[in-house]
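Residue numbers (our numbering), protein chains in the order written: chain E, 1 to 246; chain Y, 1001 to 1050. For each residue, glycine too, the CB sits at the ideal point set by N, CA and C. Only one structure is covered here, and it is reproduced in the block below.
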Amino acid sequence: MAWVWFHRFGSPPHFYRLARRLAPWFGWPAAILCLAGLIGGLGLAPPDYQQGDGFRIIYVHAPSAWLSLMVYVVMATSAAVGLIWRMNVAHAVAASCAPIGASFTALALATGMLYGRPMWGTYWEWDPRLTSELLLLFLYLGYMALRSAIDDVARADRASAVLAIVGVVDVPIIHYSVIWWNSLHQAPTVMKFGRPSMPASMLVPLLLMLAGFTCYFGALLLTRARGEILRRERNAHWISAALEEG
Amino acid sequence: MGGYARYVWPSYGLTAVVVGLNIFWARRSLRQAQREARRRLAANKVAGAS
């Protein structure tokens, strides 16, 4: 009985319709949360006692870095589900994650460089955190290149899934790099055991931005996955009905 | 921005660009897939009729 929802989720027509219905429920909260986070982060939070107003970069840097990791975990998990249960929808979800994850990894690196220059005196350092995050960008790009290099969709799904699953080892390395090695990058502020090392006036806008970016990713993923499913499906019956619905 | 404007605003600007582009890309990708699917359906119908 518990598997019924799992199999329904794996049905392309069901997922296509569910994704269309759910997307606005992620999109609108994302807009509201990010707007509130921006007002709090740029307007209400006081300047940091050490980093001054420069710390405000954290409100776009941390959420993009968070997405870069979370999207990869979603991609690798979907790829694994697709590989194990031969579920086409899961492969479509994994394929939809890659361009989103790659763009936010690049953004995390770029905003990190802009954060690093005034704080560390350098845009780039071959530091464990920065290097492992750069590797994540290459993993995304490699995944996309591998998919586009193989014409047969089923083979592209299997090969890219293996790459995604192997690459997931980079995610804990990125997260713990600042703890395991000496790093220029600061230690975790929010995602750690115990109390976050930030006052509420700074922390709440950051949490709003993190939640907003997560919802935004949900809306993007649902939209992209619908397109991906349409490209893969050859069953004219449900597609023609679904296209008429919008 | 206390002397940090040249780092803070480009960060926010880049983020706005990436967020906007992702929305544009996702919508375009879905629209293209829907157009292709409609074309395929129409072609199948023609092939089935003849």
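For a contact meaning CB atoms closer than 7 Å, what does residue i contact in chain E?
i: Y/V1008; result: D53, G54, R56 and I57
i: Y/R1038; result: L243
For the ligand FAD, I want to know if residue i counts as a neighbour, meaning its beta carbon is within less than 7 Å of at least one of the ligand's heavy atoms.
i: E/V71; result: Judged by which ligands are present, the structure shown has none, so any question about the ligand FAD falls away.
Which residues in chain Y sit within 7 Å of residue i, going by Cβ to Cβ distance?
i: E/L107; result: L1014, T1015 and V1018
i: E/P29; result: The premise fails here: E/P29 is roughly 15 Å from chain Y at the closest Cβ pair, so nothing lies under 7 Å.
Comparing C-alpha positions only, which one of the options sits nearest to residue i?
i: E/S132; options: E/W181, E/A242 and E/A94; result: E/W181
i: E/L109; options: E/W85, E/Y176, E/L136 and E/M119; result: E/L136
i: E/L114; options: Y/Q1032, Y/K1045 and Y/V1008; result: Y/V1008
i: E/C97; options: E/R147, E/G37, E/L35 and E/L184; result: E/R147
i: E/G142; options: E/I58, E/A161 and E/G52; result: E/A161
i: E/Y140; options: E/R158, E/P205 and E/A95; result: E/A95
i: E/G10; options: E/I174, E/I32, E/G82 and E/D53; result: E/G82
i: E/L208; options: E/L35, E/F26, E/L22 and E/R21; result: E/L35
i: E/A30; options: E/R8, E/P172, E/R86 and E/P63; result: E/P63
i: E/I58; options: E/A225, E/A211 and E/M202; result: E/M202
Since residue i and residue j are thought to touch, with beta carbons under 8 Å apart, how far apart are those beta carbons, to the nearest angstrom?
i: Y/A1037; j: E/L243; result: 6 Å
i: E/H91; j: Y/S1011; result: E/H91 to Y/S1011, Cβ: 35 Å. No contact.
i: E/P12; j: E/V89; result: 6 Å
i: E/A164; j: E/A76; result: 5 Å
Using the Cβ count rule (16 or more neighbours within 10 Å means buried), how would you classify residue i?
i: E/F6; result: exposed
i: E/D170; result: buried
i: E/H237; result: exposed
i: E/I100; result: buried
i: E/P24; result: exposed
i: E/D157; result: buried
For a contact defined as C-beta to C-beta under 8 Å, what are the partners of residue i on chain Y?
i: E/F6; result: Per Cβ cutoff of 8 Å: no residues; E/F6 is ~25 Å from chain Y at best.
i: E/F26; result: In chain order: nothing, as chain Y lies at least about 12 Å away.
Report the neighbours of residue i on chain E: residues whose CB is nearer than 8 Å to its CB, in chain order.
i: Y/R1027; result: T223
Using a Cβ cut-off of 9 Å, pull out every chain E residue sitting near residue i, in sequence order please.
i: Y/A1033; result: R226, G227, E228, I229, L230 and R231
Per the contact definition of three or more C-beta pairs closer than 8 Å, is the stretch 8-28 of chain E in contact with the stretch 214-234 of chain E?
yes
Three or more beta-carbon pairs under 8 Å between the stretch 199-217 of chain E and the stretch 67-79 of chain E, yes or no?
yes
Meets three-Cβ-pair contact criterion under 8 Å: the stretch 1019-1029 of chain Y and the stretch 70-83 of chain E:
no
Would you call the stretch 42-53 of chain E and the stretch 99-108 of chain E touching, i.e. three or more CB-CB distances under 8 Å?
no
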